[in-house]
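Following: one structure in structure tokens, then a few remarks.
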């Protein structure tokens, strides 16, 4: 990854049987992102660890496809209304 604002995270191991059944986690699954990033563009860093719940998005979606290098080890998530 060459974006300093994007980092890898660890996700649970999943069997090949589950992976062959389709995208994992399934599209629309709520997941939680946690971090110390800024709360607005150009904003200062928070003093409290932040978390947000977002939904997984299909790796083929126009918002995800350009950034996905390997969908078998990456997932895409976000808020459909922004935020």
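Numbering (full-length UniProt numbering), first residue to last: 1 to 83.
Think of the CB as a built atom: it goes at the ideal place given N, C-alpha and C, for glycine as much as any other residue.
Is DSSP giving residue i helix, strand or coil here?
| i | result |
| --- | --- |
| residue 55 | strand |
| residue 21 | coil |
| residue 61 | coil |
Less than 8 Å between the beta carbons of residue i and residue j, yes or no?
| i | j | result |
| --- | --- | --- |
| residue 57 | residue 33 | no |
Classify residue i as buried or exposed, calling it buried when 16 or more other Cβ atoms lie within 10 Å of its own Cβ.
| i | result |
| --- | --- |
| residue 10 | exposed |
Contact check, residue i vs residue j under 8 Å by CB: the rounded distance?
| i | j | result |
| --- | --- | --- |
| residue 78 | residue 63 | 7 Å |
| residue 37 | residue 5 | 7 Å |
| residue 55 | residue 28 | 5 Å |
By DSSP's criteria, residue i is part of a beta bridge. Which residues make up the other side?
| i | result |
| --- | --- |
| residue 50 | 35 |
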